[in-house]
Every structure is written in C-alpha cells, then in structure tokens.
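Student:
The following block contains the structure:
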C-alpha cells in the first residue's frame, strides 16, 4: 500500500523535530576571564587563599606598538588573571613575573564605558565608528590606585569620584612563565655560503618559533576591587551574566643605568580587548523549562506515533 | 527496495558528515559544527523531498521508519531500540532546552569581516612608485623597521610583538590576505590603520597603527611593494 500524504507530512514534522536538536550555538574561540560568584567578602589581599577559588586565565602581552614612542620588547610577556565577585563587589587579581620590585612598577585594567565600542588604545577616535570612552583602573607601586577616564590619546585624567581600591604585593619567589621565542637565521649551504632566493636574490631567512618555559624570580600580585555598579557616569558598570570587554597593561618601572625608566607612559606591555563574564546567581527556573520541554516533546511524540499507528500501512 | 532507500539516506548523511568534518579541512579551514549540522539538516530535507516524489519512493523511504515508530511487526533488538529512541527523544529536547538557557561563560561569537569594503577614495588607486629593485629594497627596510615587529620578518604575522593582540596581525604569506587584495586596499589599511575600519571590521580591537601620522605616502607604497615581494604574492588587479 502506498504511503499517504499525511504520512509524508508527519515525516517532515519528525525531521524538523530532530533537526531542532541539530541547532547548536557557534562555539566562540575567544578566551574570557571567568568571574566566579562567591559568598562573603571578595578578597582584597593578593595573598588571600580565596584566590584559589578563582579560575586563572593567562593572556600573552605585546609591546605597545599602536602609537608613537612604541617599544620593541617588554619585561612582562604574559599575565594571569583571576577574578571573583559576590554580586555586589568585584575583585580582579593580576599576577605576573617581574624580576625586580620598583617604585614605578604599575598595572592597569581597561573597560569600555556605556554601550558604544571604544578602541582599546585609550578609546581613541575611530574614523567610521563613533566610539565611547574607557574607564582605566590604574595602580602604581609608589602611588597606589587611580580611577581614570580617557577618550583618545592625551585625554587621560583622574576621575573626580574615586571608586576603586588596589593593592599590590611583590614576592621574591620563583614562578614559571611561558612565551614564544623566535629565532631568525640566514640559511647557509653545506659550504657555508649564504643561500639566496632565486627570484629576488635576497638571502633566505629561516625562522624558528618555539614556546619557552622560563623560571623567573619575582612575582607581582595586584588586586583591584570595586562595586559592580557605581553612581559615576564615567565608570564602567558590570552586570553578572554579561560579557564586558577588558584589556590589560603592565609597566616595568625598573631604572636603567642611565636613570631612565625601562617602561613608562605609552611604553608598556599591553593586550587588546578580551572578555570577562561574571557568573550570575543560580536561576532554578531553567530546570523547570527543561522539564516542560521534555513533557511537550513526549506529547508531540505520542501524537505522532498515534497518528502513524492509526494510518499505518499493513 | 523498502529498506534500501532508508539505508541509502542514512549512508548519504554519514558520508556528508565525514566529508565536511574530515575531508574539507584537508583543503580549507575546518567548518564550525553549527554549519555542519545545518548542511546535514538540509541533506535530510533533500532526502525526504527526493524520497516522497512518488508513492513508491515514499513507501520505500518512510515505510521502515513508520513501522519502527508504530512498533508493528518488530521485535527483538529493534523493539528495544524503538523504546530507547522514544525515551531518549524527549530527554534530548529537554537537555537542549536546558543547555540553551543555562548561562554560558563562553564569550559571544564575533562576526568580524576580515576585508571590509574600503572608502571610495581608496578604490582603484594605482601605485605611483615605480616597482624597481631599489624601491622594493627600500620598502623592505621600512617594513623591517615599522611593520616586522608584528607582521614578522618573514611576512607571516609572527612578529615578536604579535602575541598579545586579538585579532592577530595579518599573515601576508597566507593566500587569503594580500593575495586577494589590490594595492590600493593595502594603502588604505596601512595609511588609516585599525581605527580607519568600518564597524564590521571591529576597529576597536585592531592594533594596526594609523601610519599616516608617521609615514609619507611614498614610504607606504614602497612598503606595499615589499610586502608583495616578501610574501611571494602579486597584487590583485582589475584585469
């Protein structure tokens, strides 16, 4: 016996039902700082055991190359970030290797303010996009915390309302850092002669890149704390469950033999924007919605099977 | 024939999956799973449409499925499989609903356009600098001084200053970058930098300097010649 059109429609319905299961979200490839929700006060002490509760995310750092007075290499090649919140306050801990403790050692966090996207380099103006300002949480070893704002180079200023606290501790302890090491060498033939590109005549350069793990003595742990929201319009405001952008900067304030600071001003180690996500409080209604979906799916399944059985070909 | 069309459909689905998941990455970038699922879904729709073109084919495709669902005339392992499917389906729907609602700590996906359209004044510009060995050599010198810290001495985006930037600096050796572009496009990107990008290019994330502040147009055109010479590509042209 031939299949009825009703059966064909039922099959299409089944295909769509199973097809719905195929719709999976696009997995993001970016890394985010995961901000764990805790009960009680967030730690303000960089050595607090509470930091063990926070997952650590490591970000490679680059020399600031975006603007003039750029720098070729930096002391801090990567930074580990941990973060905790208690639904009222949020605390970030930056941990990075720096062999020397210096008065001008400094670190900073940067956030976009408001809905408009801001360029990671101090919220500088963009040609085709109207950007917004940035909020910078700055800490320097000899001056402490500063809650700052910027919207373009040369506009950095300390805010009238200071909402952040920061504390840094340098420990003379060993830590391991990982970074990429690149070596360039001129290719030579067995006779020791330089090999040249047959097209251009240029010497052929070989490049070797490897990840190096190095033990360094000296670690900075810097903790920034603030309430999730403030009354200051110049501040970034945070809501658990959302994905605000965050960028990092670090200065090695070591003085060279000539008395110049190794890194200062725009000469610093930076990252561009990443994300962070403050874990929202538990919402048990999602279990209920899941249960409702099970019941609905079982109901649809029951109806389809009954229809199939009634009109089933023999 | 009854079961053969159903089996052929299943084999086709498996084959499509294997080709998309493991075959394509041999030639191009791996496809995201969401896209693979979408293709499988479309293939399934195609199988259903093909299988229901006539009464015979409809019976051949759907008969085994309906007999499985209705439970008529089946026994043994097939009966057990039917119960398992009927139990698992609602549970899978429930799980999918739960996982869709549970707060995710994965950052949102970003649909950044790698090569957004340039402003009109930068379209079709010809390189005014003669492509001579001397000029290319000069360009390589400028590239080495200004660009190689990020884009790498071998033009592969692997410079020592590249690690902290997201997105990473462009790899000019890759066939998907400057080989696809005209010189005028590179002139725009170098001159105006990351902040010159339109919104779909996510200018707020780009570390590319606005080189017009520091370099003359002449230097930028020479750098472009060096990038093509160093990467082994030729600029795209209108011809």
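Chains as they are written, first to last, in my numbering: chain A, 1 to 314; chain B, 315 to 553.
Beta carbons: idealized from backbone N, C-alpha and C, even for Gly.
(1) Which residues, in chain order, does the segment 49–66 of chain A contribute to contact with chain B at a C-beta distance below 8 angstroms?
(2) For residue 241(A), return the contacting residues in chain B, with the cut-off set at a CB-CB distance below 8 angstroms.
(3) Would you mind telling me which residues of chain A sit closer than 9 angstroms to residue 531(B), beta carbon to beta carbon, in chain order?
(4) For residue 21(A), which residues from the same chain have a beta carbon less than 6 angstroms from its beta carbon, with the 5 sequence-adjacent residues on both sides left out?
(5) Could you give the distance in angstroms between the alpha-carbon of residue 220(A) and the alpha-carbon of residue 104(A)?
(6) Any Cβ of chain A within less than 8 angstroms of the Cβ of residue 422(B)?
(7) Quick check on DSSP: helix, strand or coil for residue 382(B)?
(8) Strictly by DSSP, which residues pair up with residue 346(B)?
(9) One question on the structure: do residue 277(A) and residue 35(A) come within less than 8 angstroms of each other, judged by their Cβ atoms?
(10) Have a look at residue 13(A) and residue 329(B) and give me their C-alpha separation to the nearest angstrom.
(11) If distances are taken between C-alpha atoms only, which option among 151(A), 192(A), 193(A) and 248(A) comes closest to residue 479(B)?
(12) Just to confirm, is the Cβ distance from residue 315(A) to residue 80(A) under 8 angstroms?
(13) Is the number of C-beta pairs between the segment 185–199 of chain A and the segment 115–129 of chain A that are closer than 8 angstroms three or more?
(14) So is residue 324(B) buried or exposed if we call it buried at 16+ other beta carbons inside 10 Å?
(15) Pairs of beta-carbons, one from the segment 434–444 of chain B and one from the segment 530–540 of chain B, closer than 8 angstroms: are there three or more?
(16) Taking the runs of the beta strand (DSSP E) that are 3 residues or longer, which of them lie wholly in the segment 161–196 of chain A?
(17) Let me check understanding here. Comparing Cα to Cα, which of 358(B), 379(B), 353(B) and 423(B) lies closest to residue 309(A)?
(18) For residue 23(A), is the classification buried or exposed, using 16 other Cβ atoms within 10 angstroms of its Cβ as the cut-off for buried?
(19) Can you check DSSP and say which residues form a bridge with residue 54(A)?
(20) Starting from residue 249(A), follow its DSSP beta bridges and name the residues at the other end.
(21) Is the closest heavy atom of the ligand NAD to the C-beta of residue 551(B) under 7 angstroms?
(22) List, in order along the chain, the chain A residues whose C-beta lies closer than 7 angstroms to that of residue 475(B)?
(23) Quick one: grab the DSSP three-state call for residue 212(A).
(24) Taking 8 angstroms as the cut-off, decide whether the C-beta atoms of residue 61(A) and residue 42(A) are in contact.
(25) Measure the CB-CB distance between residue 150(A) and residue 122(A) and report whether it falls below 8 angstroms.
(26) Could you tell me the boundaries of the beta strand (DSSP E) in which residue 89(A) lies?
Tutor: Well, looking at it:
(1) When CB distances to chain B are screened at a threshold of 8 angstroms, the residues of the segment 49–66 of chain A falling below it are 59, 60, 61, 62, 63, 65 and 66, in chain order.
(2) The residue you call residue 241(A) lines up with position 241 of the first chain. In chain order, 417 make up the part of chain B whose C-beta sits under 8 angstroms from the C-beta of residue 241(A).
(3) Locating residue 531(B) in the second chain gives position 217, where the first residue counts as 1. The contacting residues do not exist; residue 531(B) stays about 17 angstroms from chain A at best.
(4) One-based indexing of the first chain puts residue 21(A) at position 21. With a pLDDT of 43 at residue 21(A), under the threshold of 50, the modelled position of that residue is not reliable, and the figure given next carries that caveat. The beta carbon of residue 21(A) lies closer than 6 angstroms to none in the same chain, with the five residues before and after it left out.
(5) As a working mapping, residue 220(A) is identified with position 220 in the first chain. As a working mapping, residue 104(A) is identified with position 104 in the first chain. For residue 220(A) and residue 104(A), the gap between their C-alpha atoms comes out near 13 angstroms.
(6) One-based indexing of the second chain puts residue 422(B) at position 108. Interface residue, yes.
(7) Counted from its first residue, the second chain places residue 382(B) at position 68. When secondary structure is reduced to three states using DSSP, residue 382(B) falls in the helix class.
(8) For the purposes of this step, residue 346(B) is identified with residue 32 of the second chain, where counting begins at 1. Answer by DSSP bridge pairing: none, since residue 346(B) is not bridged.
(9) As a working mapping, residue 277(A) is identified with position 277 in the first chain. As a working mapping, residue 35(A) is identified with position 35 in the first chain. Cβ atoms of residue 277(A) and residue 35(A): closer than 8 angstroms.
(10) Here residue 13(A) refers to the residue found at position 13 when the first chain is read from its first residue. Here residue 329(B) refers to the residue found at position 15 when the second chain is read from its first residue. In this prediction, residue 13(A) scores a pLDDT of 49, lower than 50, which makes its location untrustworthy; no coordinate-derived value is stated.
(11) Counting from 1 along the second chain, the entry for residue 479(B) is found at position 165. For the residues 151(A), 192(A), 193(A) and 248(A), the minimum Cα distance to residue 479(B) belongs to 248(A).
(12) The structure shown does not extend to residue 315(A), since chain A is modelled only from 1 to 314, so the question has no answer here.
(13) Verdict: no, contact absent.
(14) Residue numbering aside, residue 324(B) sits at position 10 when the second chain is read from its first letter. The Cβ neighbour count for residue 324(B), taken over all protein chains shown within 10 Å, is under 16; the residue is labelled exposed.
(15) Yes, the segment 434–444 of chain B is in contact with the segment 530–540 of chain B.
(16) Qualifying beta strand (DSSP E) stretches, in chain order: 165–186.
(17) Looking up residue 309(A) in the first chain gives position 309. Cα-wise, what sits closest to residue 309(A) is 379(B).
(18) In the first chain, residue 23(A) corresponds to position 23, counting from 1. Because residue 23(A) carries a pLDDT of 37, less than 50, the predicted location of this residue cannot be relied on, and the following value inherits that uncertainty. Its Cβ having fewer than 16 others within 10 Å, residue 23(A) is exposed.
(19) Within the first chain, the letter at position 54 stands for residue 54(A). Looking at the DSSP assignment, residue 54(A) forms no beta bridge with any residue, so it has no partner.
(20) For this step, residue 249(A) is matched to residue 249 along the first chain. Residue 249(A) is bridged to 108(A) and 270(A).
(21) This structure lacks the ligand NAD; in fact it carries no ligand of any kind.
(22) Start at 1 with the first residue of the second chain, and residue 475(B) comes out as number 161. Those within 7 angstroms of residue 475(B) in chain A are 62, 63 and 65.
(23) As a first step, residue 212(A) must be located in the first chain, where it is residue number 212. Annotated three-state conformation of residue 212(A) is strand, per DSSP.
(24) Stepping through the first chain from its first residue, residue 61(A) is reached at position 61. Stepping through the first chain from its first residue, residue 42(A) is reached at position 42. In this structure, residue 61(A) sits away from residue 42(A), with a CB-CB distance that is not shorter than 8 angstroms.
(25) What you label residue 150(A) is simply residue 150 of the first chain in a count that begins at 1. What you label residue 122(A) is simply residue 122 of the first chain in a count that begins at 1. Yes.
(26) What you label residue 89(A) is simply residue 89 of the first chain in a count that begins at 1. Membership of residue 89(A) in the beta strand (DSSP E) is indicated by the continuous run 89–97.
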